[in-house]
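Participant: Got a structure here, written out as structure tokens. Questions coming.
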Amino acid sequence: MSSQAERLVKRQLREKTARLEAERLLEEKSLELFEANQALEETLRIQRKALDTYQSVMTALADVVLGLRGNHQSNIHSLLETAGQLTGAHCGCYALTDEDRLVTEKIFWMPEGTPDSIDENCLAQVLLQIPSTEGFSFLRFDGHSFMAAPILDGELQIGFIIFSFPGESEANELCRAILELIAHAIGVEELKNRTGKEREASEQKYRELFHASVDGIVIHDMRGRVTEASDSAVAMLGYTRKALRKLKIPRLFTLDSKDITSVAFRQVKTSGRCRYEAHLMRSDGSTFPAEIVGSLFHINGKPHVHGIIRDISSRREAQVAAIERERKFRAVFESSLDGIILHDMSGQILDVNSTLARLVDREREEFLKMELCQLYPPDALPVFRTAIKTVRNQGKHRFEIPFLRANGSKFLAEVSCSSFELGNQTLVQGIVRDITEKRRKEEEIRMAKEEAERANKSKSLFLATMSHEIRTPLNGIIGFAELLAAEDLPPNASDSVAMIQRSGDLLLGLITDLLDLSKIESDGLVLSDSDYNLRQTINDILSAQGKVAKEKGIELKANLPNNLPDLVTGDALRVRQVISNLVGNAVKFTEVGSVELILTIRHTKLHFEIVDTGPGFPNEVAELLFENFFQVDQATTKNHGGAGLGLAICRKLVNQMGGSIKASSTPGVGSRFSFNLPLRVPAEESQNLQSGNPLEAFRPVQGVRLLVAEDQKINARLLGLMLDKARIKYDLVNDGQEALEQLATERRYDAVLMDVRMPRMDGLEATRRIRKGEAGDMTSEIPIVAVTANAMDEDHENCVAAGMTHFLSKPIRTELLVDCLVDMGLGHY
């Protein structure tokens, strides 16, 4: 028994739960239907208002037309006054014209309040502006708007009515209809005046007005018998006018509308007016929804009902479409990945979607009892108030604000708000997106950026230090090679010295490439133009790579065109860098076969191709080869080395020089790297370039003496030999302190060659002290040349800041030294 009782209790609980759930769903659906009904009622109210306006205008016009009595001018004036009152016009004019459009009769309606600028003369002038074509006219004259409608006698135009309207008013359909009807009525009055058939003309025009109505008009007596129907009603119901006159009103309605029509008929008898919606039946049995407005009036003392029928099929279709749009909106509303909240301008929450409820961890019913400010922590309320103010003024706003979950935790959200009108109320829709993860990733990116900047700074410091350490011995190699090349050497020795020079230049270029790496990565590299021998550049590169190619047993060759100019213009160092990198890669990765550099001239382009018989690569990674740090496979990298930066640098250099680069390959057969550069030839040929040894061509000023401060013996020896060749006297000191002491002596110096890095006192400190006058006032403005292996931009800036006037970067080239001496005015060529 206890088991049965328990099952009974459980079943009762389930039934109770089901009833409660059904009641809740019924309440939600009732609310939705109530809101939909309110929206429909608002639409009906607007349409009823338009119908009332139309009906009142038609009634007023009918009353005036049917009530015209008295003399001709009074009737015309009454019609003008009625038209002015119904359209809101300033004033009006009636004018009859003959065949030549000369005015034969005028009547003015000029009520109180007519602007001073509009008088009878003004209206007469406007009359002359009316187009000659028949029909309604709209024009502006002297700052006012005018509308004119023709007065017709049958098909003959016999005059116009003209009305003035305020400001820049535009013609609308109601005004146009009123003026055209008034013009018709005046035409009837004119006809009545001319023929004396007052009643026939009035009835005819009334019938025209009656049948001109867009809505159907049916007149019936109090027994429901149809006595008259307009053309629109005949077309709408599908009956002939004769057949309609044999019917009673109830026959026109469907069975389900009988009760509605009975109530409406009783209402019109008691109050004189009714309005209702019902379904009418056409002659073929089809039905349509209609809105009917009934008014009680009398004909010959007998009560009749004047019914205006409007087909509202399109309105009902619009209502169905609105319901369908609401269904689609609800589907989008609920399926959105972002939270959506609807609220009014006071912050009262009206609805939320399931996404927002999940974000805030609340039931949707809870939101309807809350205000928007309760979703934010107290310290975020100023942001909320500013957002509401912005949306009220601008209609939309985007901002970030923390949200409170039900358990008190927070999450940062981006909110996009926009306002819209619903009925007479302004509502706001807010799209809420949780950006907690986005902010976390942004913070990770920021930290990674800072770490990269620190690493880049360390890299720059490393490059600067290594550059200085390498440039110092390289200065001796290149410098002494230049001095040896100027001597009278045997042919074999001369060739060896030339090879040393070219190898030293290549090594110097590679070191410079290391320093430019950071510039290339930051797009800060500046190209320099010069005239150079491209054929010799290519031969030098192949000579430098020839030893490696010979050791590997592969053929290294070049195919150059016969029409290659002796000199071309461009950045020789960057062109050398690109070719060296591509040829070096080809030699490095090719184990058997050959590497060939092919140069062709195509119109105004130099087209380079480096073809090898190496292992190749998949074509799908051809573009990736030019990305930083990309490697085709790790095994190749381990065998041949490389950081994956060379091709990326090549692409950036080629692009900056105005060209393009690409790669293609057949795996197992070989690779082809090609790039093109603009072909620029110098304006003057190579004979105009300086040739010979610049030291021998230099002529110093009589009595010039330099002070050389250099702690490295090799560099000091090299500078000494160069100055001896230039026939310049000099004194040598070992550091900055000795330089100060030597300048303080009575011996006069014309300039100082100052090494930057020296023991005891470096060149920068020594320069600063010289500029302060510590070596004597006579030497405080002496030219000081910075001689340094530091080639970074900041090194040059530091030298200038210390007071140095010129800058020579090691390895020192003879032509640069001579140019520097000439710049200081210590000699000439």
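Residue 462 in numbering that gives the first Met the number 0 is what sits at position 463 of the sequence shown, and the numbering runs on without skipping anything. Virtual Cβ for every residue (Gly too), placed ideally from N, Cα, C.
When you compare each of D118, A123, A88 to N171 by their alpha carbons, which one comes out closest?
Facilitator: A88
Participant: Inspect the beta-carbon positions of L596 and A557 and report whether they are closer than 7 Å.
Facilitator: Result yes, Cβ atoms of L596 and A557 sit closer than 7 Å.
Participant: Can you list, in chain order, the stretches of the beta strand (DSSP E) that have 3 or more residues and sit fully within the segment 407 to 482?
Facilitator: 409 to 421, 424 to 433
Participant: Taking DSSP's pairing of strands, which residues face F672 in a bridge?
Facilitator: I609, A662
Participant: Give the range of the beta strand (DSSP E) segment to which V292 is assigned.
Facilitator: 286 to 298
Participant: For the segment 607 to 624 against the segment 655 to 675, are there 3 or more C-beta pairs whose distance is under 8 Å?
Facilitator: yes
Participant: Rounded to the nearest angstrom, how far is the Cβ of A743 from that of G772, given a contact under 8 Å?
Facilitator: 10 Å between Cβ atoms; not a contact.
Participant: Tell me where the alpha helix (DSSP H) around V262 begins and ends.
Facilitator: 257 to 270
Participant: Can you name, in chain order, every residue of its own chain whose Cβ lies under 6 Å from the Cβ of M369, other than the five neighbours on each side?
Facilitator: I348
Participant: D761 to G615, Cα distance in whole Å?
Facilitator: 52 Å
Participant: Alpha carbon to alpha carbon, how far is P288 from H210?
Facilitator: Taking the straight line from one Cα to the other gives about 22 Å.
Participant: What did DSSP end up calling N558 once you bin it into helix, strand or coil?
Facilitator: strand
Participant: Report buried or exposed for C372, applying the criterion of at least 16 other Cβ atoms within 10 angstroms of its Cβ.
Facilitator: exposed
Participant: With a cut-off of 8 Å on the beta carbons, I'd call H159 and A148 a contact; round off their distance for me.
Facilitator: The sequence shown places Phe at residue 159, not His. Right, their Cβ atoms sit about 7 Å apart.
Participant: Are S256 and R272 close, meaning C-beta to C-beta below 7 Å?
Facilitator: no
Participant: Mark K191 as exposed unless 16 or more other C-beta atoms lie within 10 angstroms of its C-beta, in which case mark it buried.
Facilitator: It counts as buried.
Participant: Candidates G552, L581, I660, I553: which alpha carbon is nearest K604's?
Facilitator: I660
Participant: Please determine, among S457, M656, N423, S312, the residue with the shortest C-alpha to C-alpha distance to Q37.
Facilitator: Here the closest residue by C-alpha is N423.
Participant: Within the chosen definition, does the segment 354 to 365 reach the segment 378 to 396 through at least 3 CB pairs nearer than 8 Å?
Facilitator: no
Participant: Taking 8 Å as the cut-off, does the segment 411 to 430 touch the segment 334 to 344 (at least 3 CB pairs, one atom from each stretch)?
Facilitator: yes
Participant: Give the C-beta separation of G337 and I469 to the nearest angstrom, bearing in mind that I take them to be a contact with Cβ-Cβ under 8 Å.
Facilitator: Contrary to the premise, residue 337 reads as Asp rather than Gly in this sequence. Cβ atoms of D337 and I469 stay farther apart than 8 Å, at about 58 Å.
Participant: Could you have a look at F145 and say whether DSSP puts it in helix, strand or coil?
Facilitator: strand
Participant: Do you know how far the Cα of L122 is from the Cα of A242?
Facilitator: Per the coordinates, the alpha-carbon of A242 lies some 50 Å from the alpha-carbon of L122.
Participant: Suppose only complete runs of 3+ residues qualify. What are the beta strand (DSSP E) ranges in the segment 747 to 824, listed by chain order?
Facilitator: 750 to 754, 783 to 787, 805 to 808
Participant: If we count the other Cβ atoms within 10 Å of its Cβ and call it buried at 16 or more, is L555 buried or exposed?
Facilitator: buried
Participant: Would you call the segment 299 to 312 and the segment 322 to 329 touching, i.e. three or more CB-CB distances under 8 Å?
Facilitator: no
Participant: Assess, as a yes-or-no matter, whether the segment 490 to 499 is touched by the segment 804 to 820 under the definition of 3 or more beta carbon pairs within less than 8 Å.
Facilitator: no
Participant: Look up R6 in the DSSP assignment and say whether it is helix, strand or coil.
Facilitator: In the structure shown, R6 sits in a helix (DSSP, three-state: H, G or I).
Participant: Please list, in chain order, all residues of the same chain as E14 whose beta carbon is under 6 Å from its beta carbon, the five residues on each side excluded.
Facilitator: none
Participant: Which residues mark the beginning and the end of the alpha helix (DSSP H) in which S73 is found?
Facilitator: For S73, the enclosing alpha helix (DSSP H) covers residues 71 to 86.
Participant: Would you mind sorting G658 into buried or exposed? The rule is 16 or more other CB atoms within 10 Å of its CB.
Facilitator: buried
Participant: Among all the DSSP beta bridges, which residues are the ones paired with C90?
Facilitator: Note: C90 is bridge-paired with S163 in the DSSP secondary-structure output.
Participant: With DSSP as the reference, label E399 as helix, strand or coil.
Facilitator: If DSSP states are grouped into helix, strand and coil, E399 belongs with the strands.
Participant: Can you look up D570 in the DSSP assignment and give me helix, strand or coil?
Facilitator: Secondary structure of D570 (DSSP, three-state): coil.
Participant: Roughly how many whole angstroms lie between the Cα atoms of Q535 and I769?
Facilitator: 46 Å
Participant: Are the beta-carbon atoms of L151 and G186 separated by less than 7 Å?
Facilitator: yes
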